[in-house]
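Asker: In the order they appear, the protein sequences are chains A and B. First residue of the first sequence: 161, per the working numbering; consecutive thereafter. First residue of the second sequence: 161, per the working numbering; consecutive thereafter. We put the CB at the ideal spot given by N, CA and C, even for glycine. What you are looking at is a predicted structure, and each value in this text was computed from that prediction instead of being measured.
There are 2 protein chains.
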Amino acid sequence: MDKLKILVVDDESRMRKLVKDFLVRSGYDVIEAADGEEAIDVFFTVKDIALIILDVMMPRMDGWQVCREIRQHSKTPIIMLTARGDERDELLGFELGVDEYIAKPFSPKILVARVEAILRRTNSKVSDEAVDIAGISINKTAHIVKVDGVEIELSFKEFELLAYFVENQGIALSREKILNNVWNYDYFGDARTIDTHVKKLRSKLGDKGDYIKTIWGMGYKFEC
Amino acid sequence: MDKLKILVVDDESRMRKLVKDFLVRSGYDVIEAADGEEAIDVFFTVKDIALIILDVMMPRMDGWQVCREIRQHSKTPIIMLTARGDERDELLGFELGVDEYIAKPFSPKILVARVEAILRRTNSKVSDEAVDIAGISINKTAHIVKVDGVEIELSFKEFELLAYFVENQGIALSREKILNNVWNYDYFGDARTIDTHVKKLRSKLGDKGDYIKTIWGMGYKFEC
DNA sequence: GTTGATTATGACTAAAATGTGAAACTCTTG
DNA sequence: CAAGAGTTTCACATTTTAGTCATAATCAAC
Chain A
161 MDKLKILVVD DESRMRKLVK DFLVRSGYDV IEAADGEEAI DVFFTVKDIA
211 LIILDVMMPR MDGWQVCREI RQHSKTPIIM LTARGDERDE LLGFELGVDE
261 YIAKPFSPKI LVARVEAILR RTNSKVSDEA VDIAGISINK TAHIVKVDGV
311 EIELSFKEFE LLAYFVENQG IALSREKILN NVWNYDYFGD ARTIDTHVKK
361 LRSKLGDKGD YIKTIWGMGY KFEC
Chain B
161 MDKLKILVVD DESRMRKLVK DFLVRSGYDV IEAADGEEAI DVFFTVKDIA
211 LIILDVMMPR MDGWQVCREI RQHSKTPIIM LTARGDERDE LLGFELGVDE
261 YIAKPFSPKI LVARVEAILR RTNSKVSDEA VDIAGISINK TAHIVKVDGV
311 EIELSFKEFE LLAYFVENQG IALSREKILN NVWNYDYFGD ARTIDTHVKK
361 LRSKLGDKGD YIKTIWGMGY KFEC
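1. Kindly say whether Ala302 of chain B, judged by its beta-carbon, lies nearer than 9 Å to any beta-carbon of chain A.
2. Am I right that Lys368 of chain A and Ile296 of chain A are in contact with their C-beta atoms under 8 Å? What's the rounded C-beta distance?
3. DSSP on Phe382 of chain B, reduced to helix/strand/coil?
4. Looking only at C-alpha atoms, which of B:Glu276, B:Glu229, B:Gln225 sits nearest to Leu183 of chain B?
5. So, helix, strand or coil for Ala294 of chain B, using DSSP?
6. Compare the C-beta of Lys125 of chain A against all C-beta atoms of chain B and say whether one is closer than 9 Å.
7. Output, in chain order, the set of chain A residues within a Cβ distance shorter than 8 Å of Asp259 of chain B.
8. My assumption, with CB atoms under 8 Å, is that Tyr324 of chain B sits in contact with Val310 of chain B. Please give the rounded CB distance.
9. So Cys227 of chain A and Leu256 of chain A are supposed to be a Cβ contact under 8 Å. How far apart are they, rounded?
10. Going by alpha carbons, who is nearest to Tyr188 of chain A out of A:Gly196, A:Val179, A:Arg352?
11. Report the start-end ranges of each alpha helix (DSSP H) in the segment 298-332 of chain B that is 4 residues or longer and not cut off at the edges.
12. Can you check whether the C-beta of Lys306 of chain B is within less than 9 Å of a C-beta belonging to chain A?
13. Give the straight-line distance between the Cα atoms of Ala385 of chain B and Arg335 of chain A, rounded to the nearest whole angstrom.
14. To the nearest angstrom, how far is the alpha carbon of Thr205 of chain A from that of Glu198 of chain A?
15. Flag this pair as yes or no: are the beta carbons of Gly223 of chain B and Leu214 of chain B separated by less than 9 Å?
16. Quick check on Asp367 of chain B: does DSSP put it in helix, strand or coil?
17. Which residues of the segment 314-325 of chain B have a Cβ closer than 7 Å to any Cβ of chain A? Give them in chain order.
18. For Val168 of chain A and Val190 of chain A, which I take to be in contact (beta-carbon distance under 8 Å), what is that distance rounded to the nearest angstrom?
19. Taking C-beta pairs closer than 7 Å, name the residues in chain B that Ala332 of chain A reaches, listed in chain order.
20. Taking only runs that begin and end inside the segment 185-241 of chain A, name each unbroken alpha helix (DSSP H) of 4 or more residues, in chain order.
21. Please check the pair Phe294 of chain B and Cys384 of chain B, which I expect to be a contact at CB under 8 Å, by giving their CB distance rounded to whole angstroms.
22. Answer yes or no: do Met218 of chain A and Asp171 of chain A have a C-beta to C-beta separation smaller than 9 Å?
23. Select from the segment 367-384 of chain A all residues with a C-beta closer than 8 Å to any C-beta belonging to chain B, and list them in chain order.
24. Out of B:Ala302, B:Met175, B:Gln225, B:Ile200, which one is the CA nearest neighbour of Phe266 of chain B?
25. Between Val305 of chain A and Ile298 of chain A, how many whole angstroms is the CB-CB distance? I'm expecting something under 8 Å.
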């Protein structure tokens, strides 16, 4: 995962191309979708989409609907493109959980600036060196975990799982939730595979392994 | 800490009052500052300011400078108020770490909507609340129950049952109703099993166990 | 008080969920 | 294609829980 992925949804290909050009030039990966249904389809199959730019006016399924649908499953930032001056639209958007609102016609510079502002905000953990909790230090950029200053070797899944636990510190996580977030959205395997990974994590974390608590009949929770 | 505090900085008192009115009506605590220096002074003396609304044009120290100063020590969200149409300003703002940019004149509704959008994003901890009744604190997110501040261990069913009681505080609940809500609707076992769980709950709750009252010939009721 | 019904309680058992080690499978690399 | 790491599955041990039952205590009505 090098470049951040941005999903651009607009029915006009000319507009998609314009936006894409500027974003690519600023170092992002751009994925396009031509209507709402395609957008949702793409969003739930492609992993790690960092931000969505969404046109309001689209045939079949409009931007609000797409937004509503996505907000039911994800907090991925959404920027809405809409016709200038419609205040009602803007209010509706904020209620739906739109993060930013840009009126057409807009300057591509403004667009890029806002994209970066949002990504700086939400993806700030990427830039942060390392999260440190109770002697466990997790560096997502370097993919390194240290316990009391000593580096320990974790596999990819173990690392992702630990990161997920730490990010949701103090929250009870059901197996289903863990599968949907650490594994792919469409993973159909056995939920018990989580147990195996938890076992390995616990043993590799040593004493600190006890912070991963079992919630009987429910799932797991990371808590110090 | 009940209401969130918002610092409003503008040299025009009329403008401050306008913004304040709307924010107060939306349930925020508003602190005012009339210029940049006062703003910084207030910001670093008052604790827990959740958001800053900053006018660009101010005598002595303008908004950009205030922003720069604050960003050196804090990530508190900043909304800038600036004259409409000055794109250069907007770009500068994003570079400085401004979170949002609102052009004057603006509708107060938009202002409130944006404030709420930002606070929802940054202050997402608001959502994981714990219900607290007569010394019994139930945190559904963390799956933790505390009695007078001391955590007690409950099994899955016990937790669900207690949560159901507390949610229906003061309401008489028949065994049938309890079975349908806490157990699966297709549970065909003995209704007496509720008694056993109530017994366990009462004993684990200690003194507070008395709040679960028996309604003879009918069921139970949680009442303080 | 006595009676019949209802609820409380403690002990017990069956069932369910989790822990664990090893085997099977997958995917990459040399 | 063999080796090796990472992942997943499986079987079995272990732990925890839910539910049952017998008995004791309580209640309402007479």
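Answerer: According to the structure data:
1. On the second sequence, position 142 is the one that residue 302 of chain B refers to. Yes, its Cβ sits closer than 9 Å to a Cβ of chain A.
2. Along the first sequence, one-based indexing puts residue 368 of chain A at 208. Along the first sequence, one-based indexing puts residue 296 of chain A at 136. Confirmed, about 6 Å.
3. Against the second sequence, residue 382 of chain B aligns to sequence position 222. Strand, per DSSP.
4. Walking along the second sequence from the start, residue 183 of chain B turns up at place 23. Per the Cα distances, B:Glu276.
5. Mapped onto the second sequence, residue 294 of chain B falls at position 134. Coil, per DSSP.
6. Residue 125 of chain A falls outside the range modelled here, since chain A spans only 161 to 384, and no answer is possible.
7. Translated into the one-based positions of the second sequence, residue 259 of chain B becomes position 99. Result: Ala277, Arg281.
8. For the purposes of this step, residue 324 of chain B is taken as residue 164 along the second sequence, with counting starting at 1. For the purposes of this step, residue 310 of chain B is taken as residue 150 along the second sequence, with counting starting at 1. Wrong, their Cβ atoms sit about 22 Å apart, outside the cutoff.
9. The residue you call residue 227 of chain A lines up with position 67 of the first sequence. The residue you call residue 256 of chain A lines up with position 96 of the first sequence. Indeed, because the Cβ distance is near 5 Å, the residues count as touching under 8 Å.
10. In the first sequence, counting from the first residue as 1, residue 188 of chain A sits at position 28. Taking only the C-alpha atoms, the option nearest Tyr188 of chain A is A:Val179.
11. 316-327
12. Position 146 of the second sequence holds residue 306 of chain B. So no, Lys306 of chain B is outside the interface.
13. Lying before the first or after the last residue shown, residue 385 of chain B is absent from chain B, which here runs from 161 to 384.
14. Within the first sequence, numbered from 1, the residue matching residue 205 of chain A stands at position 45. Within the first sequence, numbered from 1, the residue matching residue 198 of chain A stands at position 38. Roughly 11 Å separates the two Cα atoms.
15. For the purposes of this step, residue 223 of chain B is taken as residue 63 along the second sequence, with counting starting at 1. For the purposes of this step, residue 214 of chain B is taken as residue 54 along the second sequence, with counting starting at 1. Cβ distance < 9 Å, so Gly223 of chain B and Leu214 of chain B count as in contact.
16. Here residue 367 of chain B refers to the residue found at position 207 when the second sequence is read from its first residue. It is helical.
17. Ser315, Phe316
18. By 1-based counting over the first sequence, the position of residue 168 of chain A is 8. By 1-based counting over the first sequence, the position of residue 190 of chain A is 30. That pair is a contact at about 6 Å.
19. Counting from one through the first sequence, the residue named residue 332 of chain A turns up at place 172. What Ala332 of chain A touches in chain B: Thr301, Ala302, His303.
20. 196-205, 223-231
21. Numbered from its first residue, the second sequence carries residue 294 of chain B at position 134. Numbered from its first residue, the second sequence carries residue 384 of chain B at position 224. Correcting the residue identity first, residue 294 of chain B is Ala in this sequence and not Phe. Indeed they touch by this definition, with Cβ atoms about 4 Å apart.
22. Counting from 1 along the first sequence, the entry for residue 218 of chain A is found at position 58. Counting from 1 along the first sequence, the entry for residue 171 of chain A is found at position 11. Cβ atoms of Met218 of chain A and Asp171 of chain A: closer than 9 Å.
23. Ile375, Trp376, Gly377, Met378, Lys381, Glu383
24. The residue you call residue 266 of chain B lines up with position 106 of the second sequence. Ranking B:Ala302, B:Met175, B:Gln225, B:Ile200 by Cα distance to Phe266 of chain B puts B:Met175 first.
25. Numbered from 1 along the first sequence, position 145 holds the residue referred to as residue 305 of chain A. Numbered from 1 along the first sequence, position 138 holds the residue referred to as residue 298 of chain A. At roughly 5 Å, the Cβ-Cβ gap stays under 8 Å, so Val305 of chain A and Ile298 of chain A are in contact.
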